[in-house]
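Residue numbers (the numbering used here), protein chains in the order written: chain A, 321 to 759; chain B, 321 to 759; chain C, 321 to 759; chain D, 321 to 759.
Protein chains: 4
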Amino acid sequence: MAAAEEFFPGIARIQYEPSAGPGDVLCFKHYNADEVLMGRTMEDWLRFSVCYWHSFCGTGADPFGFQTLHRPWNEGTPMESAKKRLHAAFEFFTKLGVKYYTFHDRDMAPEGSTLEESNKNLDEITDLALQLQNQTGVKVLWVTCNLFAHPRYMNGAATNPDCHVLAYAGAQVKKGLDVAKKLGAENFVFWGGREGFLSIHNTDVAAELNHMAAFFKMAVKYKEKIGAKFQFLIEPKPKEPCRHQYDYDAMSVIGFLKHYGLDSHFKLNIEPNHTTLAGHSYEHDIVMASAFGMLGSVDSNTGSPDLGWDTDQFPMDIRNVTMVMKTIIEQGGLQPGGLNFDAKVRRESTDLEDLFIAHVGAMDAFARGLRNAVRIIEDGIVSEMMKKRYSSFSHGFGLKVVEGSSSLEDMEAFIKQNGEPKITSGKQEKYELIFNHYI
Amino acid sequence: MAAAEEFFPGIARIQYEPSAGPGDVLCFKHYNADEVLMGRTMEDWLRFSVCYWHSFCGTGADPFGFQTLHRPWNEGTPMESAKKRLHAAFEFFTKLGVKYYTFHDRDMAPEGSTLEESNKNLDEITDLALQLQNQTGVKVLWVTCNLFAHPRYMNGAATNPDCHVLAYAGAQVKKGLDVAKKLGAENFVFWGGREGFLSIHNTDVAAELNHMAAFFKMAVKYKEKIGAKFQFLIEPKPKEPCRHQYDYDAMSVIGFLKHYGLDSHFKLNIEPNHTTLAGHSYEHDIVMASAFGMLGSVDSNTGSPDLGWDTDQFPMDIRNVTMVMKTIIEQGGLQPGGLNFDAKVRRESTDLEDLFIAHVGAMDAFARGLRNAVRIIEDGIVSEMMKKRYSSFSHGFGLKVVEGSSSLEDMEAFIKQNGEPKITSGKQEKYELIFNHYI
Amino acid sequence: MAAAEEFFPGIARIQYEPSAGPGDVLCFKHYNADEVLMGRTMEDWLRFSVCYWHSFCGTGADPFGFQTLHRPWNEGTPMESAKKRLHAAFEFFTKLGVKYYTFHDRDMAPEGSTLEESNKNLDEITDLALQLQNQTGVKVLWVTCNLFAHPRYMNGAATNPDCHVLAYAGAQVKKGLDVAKKLGAENFVFWGGREGFLSIHNTDVAAELNHMAAFFKMAVKYKEKIGAKFQFLIEPKPKEPCRHQYDYDAMSVIGFLKHYGLDSHFKLNIEPNHTTLAGHSYEHDIVMASAFGMLGSVDSNTGSPDLGWDTDQFPMDIRNVTMVMKTIIEQGGLQPGGLNFDAKVRRESTDLEDLFIAHVGAMDAFARGLRNAVRIIEDGIVSEMMKKRYSSFSHGFGLKVVEGSSSLEDMEAFIKQNGEPKITSGKQEKYELIFNHYI
Amino acid sequence: MAAAEEFFPGIARIQYEPSAGPGDVLCFKHYNADEVLMGRTMEDWLRFSVCYWHSFCGTGADPFGFQTLHRPWNEGTPMESAKKRLHAAFEFFTKLGVKYYTFHDRDMAPEGSTLEESNKNLDEITDLALQLQNQTGVKVLWVTCNLFAHPRYMNGAATNPDCHVLAYAGAQVKKGLDVAKKLGAENFVFWGGREGFLSIHNTDVAAELNHMAAFFKMAVKYKEKIGAKFQFLIEPKPKEPCRHQYDYDAMSVIGFLKHYGLDSHFKLNIEPNHTTLAGHSYEHDIVMASAFGMLGSVDSNTGSPDLGWDTDQFPMDIRNVTMVMKTIIEQGGLQPGGLNFDAKVRRESTDLEDLFIAHVGAMDAFARGLRNAVRIIEDGIVSEMMKKRYSSFSHGFGLKVVEGSSSLEDMEAFIKQNGEPKITSGKQEKYELIFNHYI
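Okay, structure coming up:
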């Protein structure tokens, strides 16, 4: 294997060509990395990241079908293939013009027959990753440990009924934290795919939650010990593979973290496809997490609202991404988080170029979302309507409520004096029409 | 109107007749109030309650159709009708043999044209209610305020963008708390039907959540001031009438309460029909709330899993009610909460006797659920399987995890010494088969 | 009451002002009625219609709340109010610039205490409607009979277990057909809101389907007898108010119609909010009905994908309406059907102007959808990709399949000769990216 | 490999032991094969079948995890393993006491590198299968072809945009029909897992439906040619793996079949887990297919109503299976169809005995369902209530409706003479309570 091998021949660095035609799919028509909006470059607002597992490890297999995606980097022994994959990935990041990537420990390097061997594999491959990062300037948005694919985790990792499995997960996370530090990852994600239950009949929920909290506390302690600075993130998902996952949605995780006194150590990595599976609207958990000061990062993807499982499609709905970007701008950006494309090409999209097309489509969609959100905010029409809508809380009786100095007795007195409130239109359709103006 | 008027002529006190035939629907075949199971009477375990709104105020109107239920107690002026309704209700409670009822302020007494008039109506009707309670021994399980039906609340009560509406809600709750104390209610429920949003476009989520927390704090303070002893309960519901309700499910409410430091003042009133609308299994929120020590009471009803709105049907599924009763027994009962039938006869069930049949069916279902759960627990087969499943946490390394004294470094050392954990079957089907033995 | 009374003072005829600003919500920025696209005016492609029930009869009541919308035309006796309402509606149609409206018999004129009285009311009000139609040029897109709101229909109309109710429904439909003919309606719709079941336990599905088919046959016969030319349409809906409605979705209705030999007499009126409630994507039933040659008309509205009931919101999603218009153009238009706004302002949208804003927003959205679809079709890039994708069926072996002259034996021979087919990328992301170019 | 090898050592023939205790999970407590109910043995009513794919080919892999189930019969070359698997399966069928099994062509014998090789493999393995069938008396309930797992089918089989793939599917089905005939299969199933679309953007629905119909017509012709007597069945599923599958649910398939004149050649194989994914109640499609005379067979399994994908769990809900058996008895049985357990042990159920426990649990559940349904029918209380409910259609005006000899004019005359119908309670809760008596 030579570093010089090219995995995407015929595809050059993707350029910004705003006037390209409808059939031109290998250029950006909206994403212009260095363009400044509201004092920051598009690149800084969007902080795009490519995910390693779907885009470089995905096979196209699904529960009803075999592998469809045969990638040129999957050749040789597992370790040889791991290295080729890394070269292919960095070629992709660079040609696409994305500055971040994310990975699970087991995507990066193959699991060995012992923990020691797995760790050794990881050391070897991450040496190469570090070298490629330094060569290209591409960085790690976040690292996560795969605590769900190996059969040992079938009944849970941190919530497994067998403490031996818990220990394995802990050992794996210890190494994951070391690797994250080594590579300068800006965040570290926990996704508890098997932390939940298949059947309530064989599950002691209270015990499992206690074990999960204990597990997180150990991770916090070890992170502090090694002096790592990355942000811990929990990624909620309601179900799949579990019937019920404890980290159901943003509010479930917030409730859990606050119950166990862990909330100052974690933020949330919200994936909209998980949000919609939890029965919420696309932007719901992003808005909710942000309202509680807990929005750390976003796994940018989408599902189809008529489907009940995680499809991890590339996000291309302009309305949705506008809503996401509006929330992100309003909280001042996502740093150190970003927009990670936890998305995969369809298993029927078997051409190598489809990997580029999909990312270009999603990046351009988000660039439009950013532009739209900026226009909405800079125009100020919506914010002015909102300010007026809530104006009663900025003075007098309303201000007392905000300040916590009113009482039910005050309220009764206020009503005895002022009588029935006026009915005020919510004007939802007007807001919708105006929103449509911008998209 | 004379107290002697009989509203359910031809229907006598419902009796326990365990050997009655399939067509006998006006007797209990399973519910035997005084029978003792696991040291407590069935009545004490089940603490059944009848809800006032559906059963005595319901008209059968739905969004696509007019009133179908014409009740003999709805005659005369609003206040006359309110009194007749109360007599009818107490006749019903007594004949059915249920010791508790629940109501909204506005079910009990008609809203007047001013707050003062509404309060006066409430005083007058609750005087009669108190008298009937004393005569019959029937008690109030909980009171709640209707903060959603009046147009003033269309944009929310505690979360209304207009503080004037907030004040009205506060004044109304103040009176509701007074009434609850007067009638000796054992709990007081908040259901925030309009506390959420229809459109994210016109909503300031963070502000509304702050206002809602401020509102709850005032209620806590006033309850303490009047020396009331009832338990505060919040009833989660994910949506309907709102598109999104802040009290989405058990974990959302727990997260909210803990964030605002309110968790010691509230427990949850779980309604399984709301739980299933939130995308969970029937028993999920009961199990979850119980695991967090927050299960206060249950609104016993059911939906149809294929429908996306609240149908408030009478709970008759033996499997489901067995799961509920098992959880309740395991936490030592529901006191001061109970099983309130927040359920309504179908609008097509227009016979007066249908009201009895529906309650009898649900009470008998729960009695079967209780008997099943008691047998499961007393047999001990399932609990023995569970004990074995989690046994690794009762000693050695597992116990250190439970006690919070282990670390990631310990875990790594444990794995380096002990290697790969053993794969252990979860045996879900065995648990299911055994569960079926009991139902 | 004088015809000269103005119900929407201060609102003038809505104009096309393509360069209006974001806050200008009482003008069209995209809908330009007379502009010609692909050989037809926008008005002809879109055939907008306003629905009478939501926009002129709606009260804003919901299952959890009382009336919020107090309209100036609801004054006086029921018949006086019916006339005012008609004047208000025609003022609205005219100011909005819409050429069609739709109504249920019972929206138009109040139900009397007997069938005769109801019919008389209908005669009187439709005389006025006809006069206003002639004055304004506004026409009836379709008439339908309300066979679901009156308590007599609570257990179904054509599928009621009591033939007496069936007879009532038949008598009502007979009059409805007469009225439709009198007013020159271009279509007649059947929506079977109560044709289904609440409980399978008390339902004889086969019998009820037979009765429903018999009912439709009588309607066909009577329509022919009176020489009416309007198109019969069935509007599918999966559930609500029923737990299960027989006309679940497009394919269910097609199956029913073909089973009973009724398919040449009916087409479908597809409502996307019903489609999504049936678990399909927004455009699914429109595409499906069109593929089977059965798409007759569209009830243009939308739901929220995270909600499980019919919200009848104004359609404003540009992606969705583009998909709808593309399908409509590809089948050569909807005539004699149209785009009927079976949509209601939110109950919180209490200002009279909200009724205009909502319609303007939806009309502009559809105008954008039409423009987008025209560009997609005229550019030909997508259709060229599609043509290539299916090209193997235009000649040789594929053509034999299309013509029905191939056999399994031929297929086996073909494979023995040609071996394994080539894997061809489906290129979904490329299609999505290109689609996004147009919206 | 020796036929004498035992794959389930320690497990003997499962016996009927009605008084076994709750922890005894390797015996039937309800299923007594030879017991006669309503003139037929339980075995004849239930016609249980074991599915080959889940129970003998399943690996426990899921989209988030690797293989967990390591079976002793998966050893050696693919062909050796195929033979071991067959022996293991027949040992299982015999020990379990089930008389039928079902399989996909590719479960039975490994796919070769050419069609010819695949067919040869199939010939060799089915020779052995035939021999084992003759030895044990176990028969084939149905055969089906796997037209979804191989990458060639990723864009569809009969609906693939490339006619070359269609040809491959046809060649494979030809062989499948030959095999089915050879083994004396009583039915042949088509499940169109990839017959639908992932994206409407790249799909020509009308063309694909035409191709699918042409494909079915060829299968009908070939079946007739070889003189096969098995029943053709189509198995509906709404989605997964496709976003939308054309055979969405029972009514969709009925509509399709009738449109293309194929309905006399096919019946339906209903899988309740698919039914619930389509948004219906568990029993819906069984009831619907039966009402249209199209219920041919049942894939007995269940999902969890809170999950949006096919979990293929073993059916253990007594209420549900009672409803299914009631429908089956009422249509006079399922012959030549049966109850095929298209169900898999959870991937966490890694013990070999779990395979037995799961089947025993499901068979016992269905035996209870059968017993319950027989009691409901024999008691006659429910049928008497139903007869009364629909009695108006057995004479006079109602009978004219049934006979198709009434008209809208008759109906109007009837109402003018008889006025308003009486309101009659639907008595849903009474039906539910009585139903509960039997379960």
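Ideal Cβ positions, reconstructed from N, Cα and C, are used throughout, including at glycine.
| Query | Result |
| --- | --- |
| Cβ neighbour criterion (16 or more within 10 Å) applied to Gly356(B) | Contrary to the premise, residue 356(B) reads as Val rather than Gly in this sequence. Exposed, since its Cβ has fewer than 16 Cβ neighbours within 10 Å. |
| Own chain partners of Met321(C) with C-beta closer than 8 angstroms, once the 5 adjacent residues on each side are dropped | In this prediction, Met321(C) has a pLDDT of 40, which is less than 50 and means its spatial position is unreliable; what the coordinates show is noted afterwards. If we look at Met321(C) and ignore the five residues flanking it on each side, its Cβ neighbours are Gly396, Glu400, Lys403, Lys404 and His407. |
| Short CB-CB distance (under 8 angstroms) between Ala322(B) and chain A | Model confidence at Ala322(B) stands at a pLDDT of 46, short of 50, so the residue's coordinates are unreliable and nothing is read from them. |
| Chain-ordered residues of the region 557-583 of chain C with a beta carbon less than 7 angstroms from chain G | Protein chains A, B, C and D are contained in the structure displayed, whereas chain G is not. |
| Whole-Å CB distance - Val607(A) paired with Ile520(B), under 8 angstroms assumed | 6 angstroms |
| Presumed contact (8 angstroms Cβ cut-off) between Ala487(C) and Phe734(D), rounded CB distance | 4 angstroms |
| Opposing strand residues paired with Lys459(D) [DSSP bridges] | Tyr420(D) |
| Residues that DSSP places opposite His564(C) in a beta bridge | Phe517(C) |
| Other residues of its chain near Gly432(B): CB distance less than 6 angstroms, five sequence neighbours each side excluded | Ser438 and Asn441 |
| Endpoints, the beta strand (DSSP E) within which Phe348(B) is located | Counting along the chain, Phe348(B) falls outside any beta strand (DSSP E), and DSSP gives it neither H nor E. |
| Beta carbon proximity, Arg695(D) to chain A, threshold 8 angstroms | no |
| Local conformation of Val634(C) per DSSP, three classes | This sequence places Phe at residue 634(C); Val is not what is there. In the structure shown, Phe634(C) sits in coil (DSSP, three-state: anything other than H, G, I, E or B). |
| The ligand NAD heavy atom lying under 7 angstroms from the CB of Met538(C) | Inclusion of the ligand NAD in the displayed structure is not the case, the ligand content being empty and no account of it being possible. |
| Distance between beta carbons of Tyr566(B) and Phe576(B), contact taken as under 8 angstroms | 7 angstroms |
| Rounded separation between Lys736(D) and Lys495(C) - CA only | 13 angstroms |
| Gln770(A) - partner residues in DSSP beta bridges | What the structure shows of chain A is the stretch from 321 to 759, and residue 770(A) is not part of that stretch, so it cannot be assessed. |
| Reduced DSSP category for Asn756(A) - H, G, I as helix; E, B as strand; rest coil | helix |
| C-beta atoms of Met636(D) and Gly689(D) nearer than 8 angstroms | no |
| Residue environment, Pro481(C), which counts as buried when at least 16 other CB atoms sit within 10 Å | buried |
| Identity of the residues DSSP links to Cys371(B) by a beta bridge | Thr422(B) |
| Proximal chain C residues relative to Thr670(A), where beta-carbon distance stays under 7 angstroms | Ile743 and Ser745 |
| Under 8 angstroms between C-beta atoms of Phe676(D) and Leu346(D) | yes |
| Phe686(C), enclosing alpha helix (DSSP H) - first and last residue | Leu672 to Asp699 |
| Cβ contact (3+ pairs, closer than 8 angstroms) linking the region 534-545 of chain C and the region 579-595 of chain C | yes |
| Own chain residues within Cβ distance below 6 angstroms of Thr642(C), not counting five before or after | Gly689, Asn692, Ala693 and Ile759 |
| Ordered list of alpha helix (DSSP H) runs contained in the region 379-434 of chain C, each at least 4 residues | 398-416 and 425-428 |
| Residues that DSSP places opposite Asp626(B) in a beta bridge | Answer is none; Asp626(B) lacks a bridge partner. |
| Residues that His470(D) contacts on chain A, provided the C-beta gap is smaller than 8 angstroms | Gly385 and Phe386 |
| Min CB distance Ile434(D) to chain C below 8 angstroms | It should be noted that the sequence gives Thr, not Ile, for residue 434(D). So, interface residue. |
| Helix, strand or coil at Thr446(D) [DSSP, three-state] | helix |
| Three-way DSSP call (helix, strand, coil) for Met321(A) in this model | Unreliable positioning characterises Met321(A) in this predicted model, as indicated by a pLDDT of 40, which lies under 50. The coordinate reading is nonetheless provided below. Three-state result, Met321(A): coil. |
| Residues within the region 640-673 of chain A neighbouring chain C, beta-carbon criterion of under 8 angstroms | Val665, Arg666, Glu668, Ser669, Thr670 and Asp671 |
| Per-residue contacts from Trp373(A) into chain D (C-beta, under 9 angstroms) | The contacting residues do not exist; Trp373(A) stays about 11 angstroms from chain D at best. |
| Delimiting residues of the beta strand (DSSP E) encompassing Val618(C) | Leu615 to Asp619 |
| Within chain A, partners of Ser401(B) - CB distance below 8 angstroms | Chain A residues near Ser401(B): none, gap ~24 angstroms exceeds 8 angstroms. |
| Contact belief for Phe713(C) with Val721(C) at Cβ below 8 angstroms, rounded distance in angstroms | 7 angstroms |
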